[in-house]
Each structure stands twice: as C-alpha cells, then as structure tokens.
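Below is one structure, written out as structure tokens, with a few remarks after it.
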Amino acid sequence: MVAENMQRMEKQDEEFKPVFENALKKAATTALVGAYETTTSTLMVFFLAMVLYPDIQKRAQAVIDSVIGKNQLPTFEDRASLPYIDAVLRETLRWQPIAPLGAPHATSSADVYNDYFIPKGATVMSNTWAISRDEKRYPDACIFMPERFLDVNGALTDDDPAKYIFGLGRRRCPGQYTADASVWAAIVTMLATLDISSAKDDNGKVINFTPRFTTGLERHPVPFPCNISTRPHIHSELLDVVRTAV
C-alpha cells in the first residue's frame with residue numbers, strides 16, 4: 070500500500086505532496102496498529118487449537134500434501150483448491166473470538182428493537198461471543214470442529230464467521246480482507262512446514278494444561294506449553310522461502 074501510493078505521489082504537484090504524505094502516514098500507521106494485536110492473537114488461537122486437536126492438524130496437512138505436494142509451498146492461487154484450510158480459518162475465528170463483544174458503536178438515531186427502546190447516542194455492543202457459541206447454529210460449540218463449515222461434498226458452506234467477527238454494518242473492520250489474507254497465508258504455510266504438538270517434560274510425558282485467556286475487549290491465550298518443529302520432509306530451500314516471505 071505504501072509503495073504504490075508513494076509512486077502515485079510522484080505524479081502529484083509539489084504543493085499537494087505534503088497532504089498526501091501525511092494521509093499516507095496515518096493510513097499506514099492505522100493499518101499496522103489495527104493488525105498487530107489482532108493478527109497475533111488469532112494465530113495464537115490457531116496454535117492452541119492445533120495442540121488440543123492434533124487430528125485436525127494431521128487432516129489439514131494431509132489435504133495440503135495431496136493438493137500441493139511436499140516440494141513447494143501453497144500460494145494464494147491454491148486457496149480455492151484447499152477448502153478445508155479455509156474451514157480451519159473460519160473455525161479459528163469462531164472458536165475463540167478475540168473480540169468477544171466486538172467494538173462499541175453509537176446509535177445515530179433512536180430506535181426500537183424487540184420492544185426495547187434504544188435512545189440516540191446510546192453505546193451498542195454486538196455480542197460476538199454469543200453468536201459464535203449459539204448451540205442451535207453451532208452444535209458442540211466449545212469444540213474446535215472445522216467440518217461444521219463444509220457440506221457433504223467437502224465444499225465451503227455459506228456460513229462464514231467473518232461476517233460477524235469483523236463487526237457489523239458500515240462500521241465493520243476496514244482491514245477485514247487484508248486480515249483474512251494474512252491469517253490464511255500464515256496458517257497454510259505453518260501447516261505445510263511445521264508440526265505443532267504438546268510439550269513433554271524431561272521424562273517424555275505430555276505436559277497437560279488448562280487453556281487460559283486474557284480479559285478485556287481484546288483477548289488471546291496466555292502462553293501455554295507446546296512443541297514446534299519442522300515437518301520431516303521440509304528441506305532447507307523451502308525454509309529459505311519461508312524466511313524470505315516473513
């Protein structure tokens with residue numbers, strides 16, 4: 070975004086360049102600040118899910134290996150061929166929403182909803198947690214189950230948690246599509262290259278733990294024990310590609 074707009078600025082009259090430069094700085098800063106905590110928290114939820122549900126990780130890796138192979142990394146062009154990975158992403162967003170009460174909004178005019186009067190200027194919160202844990206919509210909602218977003222043919226359903234996780238209405242997160250692409254790229258790359266498993270003590274016994282989360286408008290898992298290693302077939306050339314991308 071910054072590079073493209075810098076190129077556009079070169080074509081502008083000198084008198085307008087400071088205005089565009091100032092706007093670009095603010096936009097870039099907003100994008101960075103808005104994505105830093107939320108993206109990190111979402112990926113921490115993903116890591117936690119992979120530790121607690123190893124069979125999901127194995128299935129996702131098997132799907133990637135069968136579609137992409139083991140000698141190259143997935144790209145955005147492969148996304149349509151990997152619906153199960155998108156299902157993992159959707160379940161990551163739904164299972165432990167990082168903004169359980171969404172972002173506060175204010176009503177622009179008075180309204181009545183289900184016989185409740187809502188005055189103009191009232192602060193309104195969308196209960197994302199309640200939506201994501203609705204047992205009628207998501208049976209066994211506390212369980213990480215990507216298959217709930219796939220139909221009998223293995224295709225993605227129309228139920229996408231991004232429709233409420235990123236907010237509602239005109240004031241929903243403007244970085245939704247960037248965040249979606251970023252998290253998908255991180256998840257599919259880590260699944261293709263890493264094995265994420267439970268940590269073990271010096272005697273080789275699995276270290277059991279109870280997941281805990283921070284509190285507040287934004288939440289994420291507190292540090293938990295886990296083991297991260299490269300998958301056996303990953304060679305140095307592929308790791309170089311990952312480091313370059315990062």
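Taking this note's numbering as reference, the numbering of the sequence shown is continuous, increasing by one, and the terminal residue is 315. We put the CB at the ideal spot given by N, CA and C, even for glycine. These numbers were taken from a predicted model, which means no experiment stands behind them.
Cβ pair residue i, residue j closer than 7 angstroms
i      : j      : result
Thr192 : Pro173 : yes
Ala131 : Phe213 : no
Pro294 : Phe278 : yes
Asp287 : Ala179 : Note that residue 287 corresponds to Glu in the displayed sequence, not to Asp. No.
Leu225 : Asp155 : yes
Met75  : Phe89  : no
Ser266 : Asn222 : no
Ile234 : Pro166 : yes
Val252 : Thr111 : yes
Leu237 : Ser177 : no
Ser298 : Asp271 : no
Ile256 : Ala268 : no
Of the residues the options, the one placed nearest residue i, counting alpha carbons only
i      : options                           : result
Leu170 : Asp124, Phe218 and Ala199         : Ala199
Tyr153 : Val136, Thr284, Cys211 and Asn277 : Val136
Ile125 : Glu79, Asp184 and Val157          : Val157
Phe116 : Thr107, Glu204, Thr247 and Met259 : Met259
Ala129 : Glu160, Glu83 and Tyr185          : Glu160
Thr197 : Thr284, Leu162 and Ser110         : Leu162
Asp209 : Pro280, Arg281, Ala268 and Trp164 : Trp164
Leu93  : Thr107, Arg241, Val71 and Gly244  : Val71
Gly138 : Phe85, Thr262 and Ser298          : Thr262
Pro292 : Lys80, Ala97 and Thr109           : Thr109
Per DSSP, the bridge partner or partners of residue i
i      : result
Val193 : His174
Thr299 : Leu263
Val275 : Lys269
Phe282 : Pro290
Leu219 : Leu225
Three-state secondary structure assigned by DSSP to residue i
i      : result
Ser266 : strand
Asp180 : strand
Tyr207 : coil
Ile234 : helix
Pro290 : strand
Tyr122 : coil
Leu142 : coil
Phe186 : strand
Asp82  : coil
Pro152 : helix
Ala199 : helix
Ile212 : coil
Ala168 : coil
Met75  : helix
Pro87  : helix
Met113 : helix
Arg241 : coil
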